[in-house]
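**Q**
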Amino acid sequence: PIPPIFPTRYIFAKNLFENGSLNNIEWHIYQDWHSFLLQEFASQLRLHGFIYLQATPQVCLKRLHQRARKEEKGVELEYLKQLHGQHEAWLVHKTTELHFEALLNIPVLVLDVNEDFSEEVTKQEELMKKVNTFVKNL
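The numbering of the sequence shown is this note's numbering, which starts it at 161 and goes up by one.
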């Protein structure tokens, strides 16, 4: 599988910069490093599309608490709201400034996963049908 190199830049690192955790110099160094890595490994990247599992920050927080992973223990709702906003800007509204030509026309499948479908076979089948159709049309 391809590591999440684009979400790392356009969601997490961008959010760190925007909330002041990275200063201008650190942000520019990060962007240069990210661009360098992409140039070095571009031949190994075959990006065809994104599948965005869209859920509200409140639902995400509830699921974090249900999972009870120790590394997620300190995650707060405000942080999830920030990440949600970054995902929406990039994948739904397409307002995030992208620096790579290959990303400009990448198809995105948005799946609403706010409902708990872990026990609902019909909902699981509906989501899988959407994914299969999306993948076949890439």
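Using N, Cα and C, we set each Cβ at its ideal position, and we do this for glycine too.
Determine the DSSP secondary structure at residue 266, reduced to helix, strand or coil.
**A** Here residue 266 corresponds to residue number 106 of the sequence shown, with the count starting at 1. Residue state, collapsed to three classes: coil.
**Q** Could you compute how far the alpha carbon of residue 268 sits from the alpha carbon of residue 246?
**A** As a first step, residue 268 must be located in the sequence shown, where it is residue number 108. As a first step, residue 246 must be located in the sequence shown, where it is residue number 86. Rounded to whole angstroms, residue 268 to residue 246 spans 15 Å at the Cα level.
**Q** Can you list, in chain order, the residues of its chain with a C-beta nearer than 7 Å to that of residue 166? Leave out the 5 residues immediately preceding and following it.
**A** Translated into positions along the sequence shown, residue 166 becomes position 6. The residues are 263.
**Q** Provide the residue(s) that pair with residue 271 in DSSP beta bridges, ordered along the chain.
**A** One-based indexing of the sequence shown puts residue 271 at position 111. DSSP output for residue 271 lists 213 as bridge partner(s).
**Q** Between the C-alpha atoms of residue 207 and residue 194, what's the straight-line distance to the nearest angstrom?
**A** For the purposes of this step, residue 207 is taken as residue 47 along the sequence shown, with counting starting at 1. For the purposes of this step, residue 194 is taken as residue 34 along the sequence shown, with counting starting at 1. If I take the Cα positions, the gap works out to 16 Å.
**Q** Taking C-beta to C-beta, are residue 250 and residue 170 nearer than 8 Å?
**A** By 1-based counting over the sequence shown, the position of residue 250 is 90. By 1-based counting over the sequence shown, the position of residue 170 is 10. Contact flag set, yes.
**Q** Quick one, which of 274, 287 and 210 has its alpha-carbon nearest residue 220's?
**A** Position 60 of the sequence shown, counting from 1, holds the residue named residue 220. Of the candidates 274, 287 and 210, the one whose C-alpha sits nearest the C-alpha of residue 220 is 274.
**Q** Quick check: the Cα distance between residue 188 and residue 242, rounded to an integer number of angstroms?
**A** Translated into the one-based positions of the sequence shown, residue 188 becomes position 28. Translated into the one-based positions of the sequence shown, residue 242 becomes position 82. Roughly 21 Å between the two C-alpha positions.
**Q** Can you tell me the Cα-Cα spacing of residue 260 and residue 240, whole angstroms?
**A** In the sequence shown, counting from the first residue as 1, residue 260 sits at position 100. In the sequence shown, counting from the first residue as 1, residue 240 sits at position 80. Taking the straight line from one Cα to the other gives about 26 Å.
**Q** The alpha helix (DSSP H) that contains residue 250, what's its start and end?
**A** Locating residue 250 in the sequence shown gives position 90, counting from the first residue. Per DSSP, residue 250 belongs to no alpha helix (DSSP H) and is neither H nor E.
**Q** Just how far apart, CA to CA, sit residue 200 and residue 234?
**A** Along the sequence shown, read from residue 1 onward, the residue named residue 200 stands at position 40. Along the sequence shown, read from residue 1 onward, the residue named residue 234 stands at position 74. Approximately 35 Å, taken between the alpha carbons.
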